[in-house]
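Below is one structure, written out as structure tokens; the observations come after it.
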Amino acid sequence: MDLTTFGWNNFFSANFSEYAKKGFLPARISREHTHIYFLYSESGELTAEVSGRIRHTSDSKCEYPAVGDWVAVNPRPGEELATIHAVLPRSSSFSRKVAGINIQEQVIAANIDLVFIVNGLDSNFNPRRIERYLAHIHDSGAEPVIVLNKTDLCDDVESRISEVKRIAHQTPVIAICALDEKGIQPLKKFVEKGKTIALLGSSGVGKSQIINTLIGWDKQTVCEVRNDSKGRHTTTNRELILLPCGGLVIDTPGIREIQVWCDVDGLNKAFADVVECSAHCRFSDCSHEVEPGCAVQKAIEEGKLDSARVQSYIKMKKEISELEKLQNRRIKITERTKWKKLKNKTQSAEKNFHD
516 MDLTTFGWNN FFSANFSEYA KKGFLPARIS REHTHIYFLY SESGELTAEV SGRIRHTSDS
576 KCEYPAVGDW VAVNPRPGEE LATIHAVLPR SSSFSRKVAG INIQEQVIAA NIDLVFIVNG
636 LDSNFNPRRI ERYLAHIHDS GAEPVIVLNK TDLCDDVESR ISEVKRIAHQ TPVIAICALD
696 EKGIQPLKKF VEKGKTIALL GSSGVGKSQI INTLIGWDKQ TVCEVRNDSK GRHTTTNREL
756 ILLPCGGLVI DTPGIREIQV WCDVDGLNKA FADVVECSAH CRFSDCSHEV EPGCAVQKAI
816 EEGKLDSARV QSYIKMKKEI SELEKLQNRR IKITERTKWK KLKNKTQSAE KNFHD
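The opening position of the sequence shown corresponds to residue 516 in the working numbering, with each subsequent residue numbered one higher.
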């Protein structure tokens, strides 16, 4: 297998040099199932597990391999499983906070060039969800493309496109019907050899159908959407798929909730119009809610900014601020635990020495 077909480039080659000296092989994660990883390598497809060192030194799940990651692997001749010894630095990654109260990062897809934000033009249509995706993608290092699927179920497609373009800024917006391939050609232009595209969206928006259209046959299972437009989880595991044209796509399970895991820079890029307007507020720390001299509230009154969009920005900014506080608290607790363990080891060593 030619690794460039799977996205290998100078960035990964430079970061792999130290592992090449140890005799390891580069490989890319195509999917993962209960701690067993399936890889593409020059030797063909491999099945692998992470080394004991990775298991014992990783502080969080984000340090484990994710779909799309490049890894250093030892095939172990004569054995069923190869061993993954290291995860190479990522050129980009789309992440969210893990579900629940844990303050940890969940990597959805790694080393991606483009992200197709797939939104249905049925009752699934949600501009606020698109805004959240855009903030995370701007923070990821990848480029976003907004895909509005199911034009056959919308009475006024142009109106929906205009609504999305108002929040998209420079991000391309493409309306399609994946079922009959209407409008699919502009989407195919983004698919290039060696480039990786992740498809993100909630269940039932048609991600698997889009992939089947790009492949040219029905590889991914497609389920009907319920009457309330809420989809069933057709895709249950993330998977890296090689397209006939040489491009790569990562299919992902539907994401019902995008828990914030991005910084203010990503947020500001997604809400550039709000940020630009806020520069004219009387107070530099204006919350854009009750302060006098708020340029953002004035813009809403004059119809220059949408109130729902501003509320979306304020909500995400508060979430990011709270996440940063929790992360800082977690770092302090982790450091305190490390120092306590080190102190106990030192005291134990001194006691043994004197004994």
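Cβ atoms here follow ideal geometry from the backbone N, Cα and C, with glycine treated the same way.
Query                                                                                                               : Result
Buried versus exposed call for Ile551 [16 or more other C-beta atoms within 10 Å across all chains shown]           : exposed
Within 8 Å, strictly: CB atoms of Gly635 and Lys680                                                                 : no
Exposure of Phe631, with buried meaning 16 or more beta-carbon neighbours within 10 Å                               : buried
Nonlocal neighbours in the same chain, by C-beta distance under 6 Å from Cys801, ignoring five residues either side : Cys809
Three-way DSSP call (helix, strand, coil) for Tyr555 in this model                                                  : strand
Whether Leu729 touches Leu763 by CB criterion (8 Å)                                                                 : no
Proximity below 8 Å, CB of Arg753 to CB of Ile616                                                                   : no
Enclosing beta strand (DSSP E) for Pro541 [first to last residue]                                                   : 540 to 548
CB of Val790 within 8 Å of CB of Asn783, strictly                                                                   : yes
Neighbourhood of Glu696 by C-beta, 8 Å cutoff - its chain only, sequence neighbours within 5 removed                : Thr728
Exposed unless 16 or more other CB atoms sit within 10 angstroms - verdict on Ala614                                : exposed
Whole beta strand (DSSP E) elements within the segment 754 to 784, 3-residue minimum                                : 754 to 757, 763 to 766
Ser717 versus Ile770: straight-line alpha-carbon distance, rounded                                                  : 5 Å
Identity of the residues DSSP links to Trp585 by a beta bridge                                                      : Arg543
Anticipated Cβ contact below 8 Å, Pro687 with Ile661, distance rounded                                              : 7 Å
Whole-number beta carbon distance between Ile627 and Ala713, since they are thought to touch under 8 Å              : 5 Å
For Val630, three-class secondary structure by DSSP                                                                 : strand
Minimum C-alpha distance to Arg824 - residue among Ser836, Ile835, Glu834, Val811                                   : Val811
Distance CB(Pro541)-CB(Phe531) smaller than 8 Å                                                                     : yes
Candidates Ser827, Glu620, Asp517: closest to Ser573 by CA position                                                 : Glu620
Bridge partners - Pro659, DSSP secondary structure assignment                                                       : Val630
First through last residue of the beta strand (DSSP E) which encompasses Arg514                                     : Missing from the structure shown is residue 514; the chain here goes from 516 to 870 and no further.
Beta bridge counterpart(s) of Val622 as assigned by DSSP                                                            : Ser610
For Cys669, the three-state DSSP class (helix, strand or coil)                                                      : coil
DSSP bridge partner residues for Ile599 (one or two, in chain order)                                                : Val565, Val588
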